[in-house]
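Structure, as structure tokens:
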Amino acid sequence: MKEKLKLGVLVSGRGSNLQAIIDGTLQGKIDAVVKVVISDTATAYALERARRHGLDTAFVDPKQYPSRQAFDMAVVQTLKKYDVDLVCLAGFMRLLTPAFVNEYRNRILNIHPALLPSFPGLHAQRKALNHGVKFSGCTVHFVDEGTDTGPIIIQAVVPVFDDDTEDTLSERILRYEHQIYPKAIQLFAEGRLEVRGRKVFCQRSEKENGEKEGWGLMNP
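Residue numbers for the sequence shown follow this note's numbering, beginning at 1 and rising by one.
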């Protein structure tokens with residue numbers, strides 16, 4: 001039997017995407033196991049979620065390190081201790097240094113609440129509303145040295161309504177975050193993703209290779 005993909009999840013906050021990943025592994029939707037959950041915030045609720053499932057957790061305090069790179073290397077050492085295959089950022093509120101990215105090139109995933117390359121960085125939902133877009137969504141991408149600039153794996157689209165607030169739009173997007181992040185991890189676990197420059201190519205099944213034309217969305 002093929003060994004399951006070993007995940008290390010990095011968190012800073014409540015960890016709803018971590019929960020979606022954990023649920024996916026328990027329900028058999030993801031051929032992976034969460035080996036360790038690491039946070040830069042001691043009080044992150046995500047750590048409590050992990051402990052409730054009996055998962056190993058680690059708090060790495062950025063204040064204990066003289067530089068971002070020193071902190072990142074401490075996180076990398078923890079990941080290596082658990083022999084992690086794939087690093088998943090799930091609300092991890094720190095930019096990774098090139099040293100970290102190079103350790104796990106094309107093996108770090110991030111989820112972002114916008115249709116990249118639009119609205120990278122913080123407050124993406126607010127930026128989308130302020131810009132007046134009719135659609136927004138979420139993106140899972142490989143992490144590179146930039147801010148939300150890595151090759152895109154999967155995206156989901158949601159409508160933006162005239163009476164939306166930042167909270168209502170965030171909620172609508174979050175429902176799809178919880179769907180596409182586990183799917184992206186499973187595609188990686190199945191070896192179906194290939195990065196070529198800026199593009200990620202996904203090997204599709206016959207069913208997935210069905211009708212490619214004649215569908216779209218309009219709003220309003």
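Glycine included, C-beta positions come from ideal geometry on N, C-alpha and C.
{"Check": "Keeping to the same chain, check which residues put their C-beta closer than 7 Å to that of Y176; ignore five residues upstream and five downstream.", "Outcome": "G137, C138, A156, V158"}
{"Check": "DSSP on T57, reduced to helix/strand/coil?", "Outcome": "strand"}
{"Check": "Which residue wins for smallest C-alpha separation from A124, given the options D83, R14, E166?", "Outcome": "E166"}
{"Check": "Taking only three categories from DSSP, how would you classify L5?", "Outcome": "strand"}
{"Check": "Could you give the C-beta distance for L89 and L109, rounded to a whole number, given that I count them as a contact under 8 Å?", "Outcome": "7 Å"}
{"Check": "Specify, as a first and last residue, the run of the alpha helix (DSSP H) that T25 falls within.", "Outcome": "16-26"}
{"Check": "Look at the Cβ atom of A184, then the Cβ atom of I153, and state whether they are nearer than 8 Å.", "Outcome": "yes"}
{"Check": "Flag this pair as yes or no: are the beta carbons of V36 and A70 separated by less than 8 Å?", "Outcome": "no"}
{"Check": "L10 and I38 look like a contact to me (Cβ under 8 Å); what is the Cβ gap, rounded to whole Å?", "Outcome": "5 Å"}
{"Check": "If I follow the unbroken beta strand (DSSP E) through K35, where does it start and stop?", "Outcome": "32-39"}
{"Check": "Would you decide whether E103 is buried or exposed? Buried here means 16 or more other CB atoms lie within 10 Å of its CB.", "Outcome": "buried"}
{"Check": "Could you please give me the residues that DSSP links to L10 through a beta bridge?", "Outcome": "I38, L89"}
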